[in-house]
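Asker:
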Amino acid sequence: MIWTEEQVRALVTDAGTLKRGLDLAMPPKWSNLGRTDTAAWGECAGSGSKPYQVGIDLTEPAFKCSCPSRVFPCKHGAGLLLLLAREAARFTGNTSPPWLAEWLAKREQNQPKKVTQAPVAKAIDDPSASEVEESTVQEAASLVSEARLQRMQRGAAELLIWLQDLISAGLAQTENQPRTFWENQAARLVDDQLPGLASVLRELATLRYAGLDWPERLLARLGELYLLVRAFLRLEQLSPELQQDVLQLVGINSKKEDVQAQQPAVADTWLVVGQVTKEEERLLARRTWLWGIGTGRYALVLEYSFGGQAFATALVPAGQYVGSLAFYPSACPLRAVTTGAWTFSGIRPRLMPAGNSIHGFLDTYTTALSHLPWLREWPVTLNGVIPQFDPKAQPILFHPTEQLQLPLRCDPELAWQLLAASGGQPLTIFGEWNGHAFFPIMHWAAPVAAPTAISA
Amino acid sequence: MNPHTDWQQLLRVTLLGTRQSGEGVPSLAELPTPASREEQVLLAAGSLALVRKAGFKAPVAAPSETQLAPAETAPTLGLKGQDALRQLLMERYPALLSDYLVSVAQVGRRVPHQQLVSLLNYVRTRSELHAPAAAVLGERGSWLVRLNSEWQHVLAASEVPDSATWETGTLSQRQTYLQTIRQQDPAQARELLAVALPLEPVKTQAALLSTLIPVPTLHADDAPLLEHYLASKSKEVRQTVTPLLARTPGNTLVERLWQYALPCLELKKPLLGRKKLDVTLPAAWSPAWQADGIEQKDNRFTGEKAAWLGQFLALIPPERWTAHWDISPADLLALAATSEWASLLLPAWKYALLLHRSAAWALAYLGLQLTHDNVPPLTSFQAIATASHTEVTRLLLAHLPRHPRFTQPEARWETLLVDLPGPWPEALTHKALEIIENTLTVSNSSQQYLLIYRLTQLLRHMQLTVPPTEYAHCAKALRNLGHVDSSINTATEQFLSALYFRQQLHETLTELPAPDG
Chain A
91 MIWTEEQVRA LVTDAGTLKR GLDLAMPPKW SNLGRTDTAA WGECAGSGSK PYQVGIDLTE
151 PAFKCSCPSR VFPCKHGAGL LLLLAREAAR FTGNTSPPWL AEWLAKREQN QPKKVTQAPV
211 AKAIDDPSAS EVEESTVQEA ASLVSEARLQ RMQRGAAELL IWLQDLISAG LAQTENQPRT
271 FWENQAARLV DDQLPGLASV LRELATLRYA GLDWPERLLA RLGELYLLVR AFLRLEQLSP
331 ELQQDVLQLV GINSKKEDVQ AQQPAVADTW LVVGQVTKEE ERLLARRTWL WGIGTGRYAL
391 VLEYSFGGQA FATALVPAGQ YVGSLAFYPS ACPLRAVTTG AWTFSGIRPR LMPAGNSIHG
451 FLDTYTTALS HLPWLREWPV TLNGVIPQFD PKAQPILFHP TEQLQLPLRC DPELAWQLLA
511 ASGGQPLTIF GEWNGHAFFP IMHWAAPVAA PTAISA
Chain B
80 MNPHTDWQQL LRVTLLGTRQ SGEGVPSLAE LPTPASREEQ VLLAAGSLAL VRKAGFKAPV
140 AAPSETQLAP AETAPTLGLK GQDALRQLLM ERYPALLSDY LVSVAQVGRR VPHQQLVSLL
200 NYVRTRSELH APAAAVLGER GSWLVRLNSE WQHVLAASEV PDSATWETGT LSQRQTYLQT
260 IRQQDPAQAR ELLAVALPLE PVKTQAALLS TLIPVPTLHA DDAPLLEHYL ASKSKEVRQT
320 VTPLLARTPG NTLVERLWQY ALPCLELKKP LLGRKKLDVT LPAAWSPAWQ ADGIEQKDNR
380 FTGEKAAWLG QFLALIPPER WTAHWDISPA DLLALAATSE WASLLLPAWK YALLLHRSAA
440 WALAYLGLQL THDNVPPLTS FQAIATASHT EVTRLLLAHL PRHPRFTQPE ARWETLLVDL
500 PGPWPEALTH KALEIIENTL TVSNSSQQYL LIYRLTQLLR HMQLTVPPTE YAHCAKALRN
560 LGHVDSSINT ATEQFLSALY FRQQLHETLT ELPAPDG
């Protein structure tokens, strides 16, 4: 199993821990290194007289360390994993020491419990969920209480009037509006228990800095928001799945435990085909895209980490996992959560999802939109595309057989990375389509015959 | 319905606002018509936005002339090498990057495709890394650079010089061109200079002439051109040319200077008693001197007349004096140090020994500097550029006390030690460890913090100079000391990490290559 620093980085969310881990990832600091197929261990010299005992359960991976740090993994765990990546040959021991065996046994015992029990709430399930936590607890599995629904619908109706005022005054006006113009209305929506709509407004406030075409984008988003509010106001006329989507969008999150308990488990071997981690005020939000090798199905695992804590599910790019996912109820189910046993089965850098042509995926996308008009990101793997810059120096993907091109939405550095990987040859690229542009996340180059001999 | 024109119309209405805009709202036949104009706008906006997404048509593109990158001819770095390079590009041990790239190129390896962009972005603004980076880009990297104008100057340094740059390039490009030509064909370079210089402003003249400094040797044929510019009206040009001419074989300048200087110095050798160096300053300014590159004012020296003599001495090869009086450089420098004109003689001879790269004088001067106060010091870098690294190190070791340690004020050897470039021989590394130990164990608590700071400096310098093979020895010695005094523990660990990292860097050069991507 080959671990790279990039994959270790996916597990170690705290930048400081990663840096200190890098400092520790050198053999002289370690003694009694050893590993089996499922675990690795070692002792790391610290400032005290006794070395720290550090272990990794490679099946998840999970970390154990005798140091007093409360960050997981701690720098020793990160260091040991990096060392395993760099110098696997030094892990000569093959009998787990007693302290490790004890910990592994304990984990083994707890495993079945985890299936029924929610994972430890180390990482917050969802930031918007926490805002409405109290009320959602009472509502349990089903929809929303009548009283709350009324309050929400009153808030939604108010938003409609606010939107009309905005249109009446003109979008040109909004360019000079202070942040509070959006913020005040967003705050009212939170009071009316519509945090989902509130975060849409907060995002709209940032659009005017996001390029020259902001009025166009703002208008499209306002229109979508309007349709969403209107749909919410006549919720009972929608199909049950779409009701769930609309509720989710206005800010009522299904609880992870409910999804795990009520939704059918989809068992497969899942490949992590992409991971995007974004910093949002004080927390890290991570979108992980999985692709089921048997089912050919995409799934999005959305997780949040607060204050450098590890994400609840250990997922690394190109990692392969055997286990089941439960999909959130939706007219176009993508978001999912792991359910039951979830086992890491190695890094598969050369394995890629089945690809699509540009025509093919646009058709599927249109169908998906007809199920869920508010679909934001659509996962797609494109086959045989060549990254290029168009005459206006904008990055595009060119499909030579279809003779079509797609605009890319990414920073220039990423576009150049793609060019470097392609060298003018077609690539397979996984990414997200938002209806206007493609955001590349992971790519695979066709294996190139490159000289591998070392010249003396 | 026409999604495009309808959308543009809608955009116009909404930018202005329904209150101001008289334009109609595009209606969508299939949809109900809401009561208010504002709701019509919002409904149309939402619907059209959806239509535009669902009906997105990928633009048809003509099969462009896709240029393919040529196949690679060299193997990549291995996995550990890639890992190490990533750390270097993250600014861990930035001082090691340049050397590492050079060694990667020497073993015929290249940077893998996925690291090209970060390497190019890193070196883009660091011109000293351009040439080392250009040598490890491989075919893919060179292909990539040609597509991005921001990176193009990375390759410029290593490309075959183009004669057009001599005509139209920037000053630094012309300097580089001239240096390259001079290495290949000195006569042609002389020719280019002779033709171009008269047409240039004096600043450019000085800058172009200064490109002759780093070239290994000046040739007798360079003398006529330099002689010509010795008579320049510009002080800057004269000052560039004079030291060059003084180094040119077969020049007549040195002989004239010698005649000016000879009456000023006298070595008295009495039958009894000590030798003595007498100095007589020139009595009056001679206009002829200016034609020989001597300036009426030179603020490197204090005193008007002293500055004239100082310039003579700084230009004359110092061996002339030792040969003339049949005396060793060490003895002559010792006499200079005790002379009442020490503050003139020592700096002047320091310039002279550096200009003429006199190893014997440099060592003698270092010896003086290690035993006397108030000697304007040679830096370690100057010393090893003039004498050999081995000789300088041997001299330094010989002058270290039996139990060396840092003291307050600094010992004379300290500055020489803390900037002596690597690789250090074993003996010096061991002495340095001894210095750290002695400094920590001989306690003088009032100044401890100053000494700790200097020890930290020393350890930081040792990160780059101690050979990685000394790792085990250093780790043992320093970790033991950690129990005595923990205040240098961080510096110690950083030093050991760096040493270990350098060892790893070395090993990556023979590692199996990893595939790209």
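Listed in order, the protein sequences are those of chains A and B.
End of the first sequence sits at 546 in my numbering; the numbers just go up one at a time, nothing left out.
End of the second sequence sits at 596 in my numbering; the numbers just go up one at a time, nothing left out.
The C-beta atom is built at its ideal place from N, Cα and C for all residues, glycine as well.
This structure is a prediction, so every number in the text was calculated from the model and none was measured.
(1) With 7 Å as the threshold, decide whether the Cβ of ARG91(B) is near any Cβ in chain A.
(2) CA-CA distance, LEU380(A) and THR103(A)?
(3) Alpha carbons only, please: which of GLU334(B), ALA123(B), GLY372(B), ARG558(B) is nearest the one belonging to LYS312(B)?
(4) Any idea what DSSP makes of PHE181(A), helix, strand or coil?
(5) Are the region 544-562 of chain B and the region 149-160 of chain A touching by the rule of at least three beta carbon pairs closer than 8 Å?
(6) Quick test of the definition: if touching needs 3 or more C-beta pairs under 8 Å, does the region 176-187 of chain A touch the region 454-474 of chain A?
(7) Which residues bound the alpha helix (DSSP H) around ASP147(A)?
(8) In chain A, which residues lie with their C-beta within 8 Å of the C-beta of LEU192(B)?
(9) Using only alpha-carbon positions, find the residue among GLY286(A), LEU239(A), GLY384(A) that is nearest to LEU597(A).
(10) Please report the distance separating the alpha-carbon of LEU476(B) from that of ALA466(B).
(11) I think TRP120(A) touches LEU173(A), with their Cβ atoms under 8 Å apart; what is that distance to the nearest whole Å?
(12) Give the secondary structure of ASN330(B) by DSSP, where H, G and I count as helix, E and B as strand, and everything else as coil.
(13) Check whether the Cβ of LEU234(B) lies closer than 7 Å to any Cβ atom in chain A.
(14) For a minimum of 3 consecutive residues, which ranges assigned as the beta strand (DSSP E) are wholly contained in the region 249-292 of chain A?
(15) Straight-line CA distance for ALA570(B) to GLN166(B)?
(16) So with Cβ pairs under 7 Å, would you call ARG539(B) a contact of chain A?
(17) How long is the line joining the alpha carbons of ARG125(A) and ILE146(A), rounded to whole angstroms?
(18) Any idea if THR93(B) is buried or exposed, counting beta-carbon neighbours within 10 angstroms, 16 or more meaning buried?
(19) Locate the alpha helix (DSSP H) running through ASP348(A), then write down its first and last residues.
(20) Measuring straight from C-alpha to C-alpha, what distance separates LYS429(B) and ARG110(A)?
(21) My output table needs one value for TYR172(B): the three-state DSSP class, helix, strand or coil.
(22) Any residues in the region 143-168 of chain B with a beta carbon nearer than 8 Å to a beta carbon of chain A? Which ones, in chain order?
(23) Whole angstroms are fine: how far does the CA of SER235(A) sit from the CA of LEU405(A)?
(24) Is GLU198(A) closer than 7 Å to PRO117(A) when the C-beta atoms are compared?
(25) Pull the bridge partners of HIS533(A) from the DSSP assignment, please.
(26) If PRO488(B) and ASN517(B) are in contact, beta carbons under 8 Å, what's the gap, nearest whole angstrom?
(27) Evaluate the contact criterion for the region 177-191 of chain B versus the region 149-159 of chain B: three or more CB pairs, one atom per stretch, below 8 Å.
(28) Are LEU507(B) and TYR550(B) closer than 7 Å when you measure CB to CB?
(29) Shorter than 7 Å from the beta carbon of LEU291(B) to some beta carbon of chain A?
(30) Using a Cβ-based criterion (distance less than 6 Å to any ligand heavy atom), does LEU433(B) qualify as near the ligand SAH?
(31) What residue from PRO485(A), ARG372(A), PRO516(A) has the CA that sits closest to PRO502(A)'s CA?
(32) Are there 16 or more other CB atoms within 10 angstroms of the CB of THR296(B), so buried, or fewer, so exposed?
(33) Could you check whether the Cβ of THR296(A) sits closer than 7 Å to any Cβ belonging to chain B?
(34) Could you confirm whether any beta carbon from chain A is found closer than 7 Å to the beta carbon of ALA511(B)?
(35) Output needed for PRO141(A): all residues of its chain with C-beta closer than 7 Å, excluding positions within five of it in sequence on either side, in chain order.
(36) Anything in the region 367-391 of chain B with a Cβ closer than 9 Å to a Cβ of chain A? List those residues in chain order, please.
Answerer: Reading from the atomic positions:
(1) No - not a single Cβ of chain A is within 7 Å of the one on ARG91(B).
(2) The alpha-carbon of LEU380(A) is positioned some 20 Å away from that of THR103(A).
(3) Comparing Cα-Cα distances from LYS312(B) to each of GLU334(B), ALA123(B), GLY372(B), ARG558(B), the minimum goes to GLY372(B).
(4) Under the three-state reduction of DSSP, PHE181(A) is assigned to coil, being neither helix nor strand.
(5) Remark: fewer than three beta-carbon pairs, one from each stretch, lie closer than 8 Å, so the region 544-562 of chain B and the region 149-160 of chain A are not flagged as touching.
(6) The region 176-187 of chain A, when compared against the region 454-474 of chain A, does not touch it at the 8 Å Cβ threshold.
(7) For ASP147(A), no alpha helix (DSSP H) segment is defined; the enclosing uninterrupted segment is the beta strand (DSSP E) at 142-147.
(8) According to the sequence as given, residue 192(B) is His; it is not Leu. Using a Cβ-Cβ cut-off of 8 Å, HIS192(B) is close to ALA510, ALA511, GLY513, ALA535 of chain A, given in chain order.
(9) No answer is possible for residue 597(A): the residues shown for chain A start at 91 and end at 546.
(10) So the alpha carbons of these two residues sit roughly 15 Å apart.
(11) For TRP120(A) against LEU173(A), the beta-carbon gap comes to about 7 Å, under 8 Å, which counts as contact.
(12) In the structure shown, ASN330(B) sits in coil (DSSP, three-state: anything other than H, G, I, E or B).
(13) Chain A contact via Cβ: absent.
(14) Listed in chain order, there is nothing to give.
(15) About 19 Å.
(16) No, ARG539(B) lies away from the interface with chain A (no Cβ there is under 7 Å from its Cβ).
(17) Rounded to whole angstroms, ARG125(A) to ILE146(A) spans 9 Å at the Cα level.
(18) That one is buried.
(19) Start and end: 346-352.
(20) Taken atom to atom, the span from the alpha-carbon of LYS429(B) to that of ARG110(A) is near 47 Å.
(21) In the structure shown, TYR172(B) sits in coil (DSSP, three-state: anything other than H, G, I, E or B).
(22) Hits within the stretch, in order: SER143, THR145, GLN146, LEU147, ALA148, ALA150, GLU151, THR152, ALA153, PRO154, THR155, LEU158, LYS159, ASP162, ARG165, GLN166.
(23) Taking the straight line joining both Cα atoms gives about 36 Å.
(24) Taking 7 Å as the Cβ cut-off, PRO117(A) and GLU198(A) do not qualify as a contacting pair.
(25) Under DSSP, HIS533(A) forms a beta bridge with ILE519(A).
(26) The pair is not a contact, with the Cβ atoms about 17 Å apart (cut-off 8 Å).
(27) Touching, yes, given that three or more Cβ pairs across the two stretches are closer than 8 Å.
(28) The answer is no: Cβ separation not under 7 Å.
(29) So no, LEU291(B) is outside the interface.
(30) In the structure on display, the ligand SAH does not appear, and there are no ligands present to speak of.
(31) Shortest Cα-Cα distance from PRO502(A) to any of PRO485(A), ARG372(A), PRO516(A) involves PRO485(A).
(32) Counting the other CB atoms within 10 Å of its CB gives THR296(B) a total below 16, which places it among the exposed residues.
(33) Chain B, which has no Cβ nearer than 7 Å to the Cβ of THR296(A), makes this no.
(34) ALA511(B) does not count as touching chain A.
(35) The residues SER121, GLU133, CYS134, ALA135, in chain order, have a CB closer than 7 Å to that of PRO141(A) in the same chain once the five nearest residues on each side in sequence are set aside.
(36) Residues passing the 9 Å Cβ filter: none.
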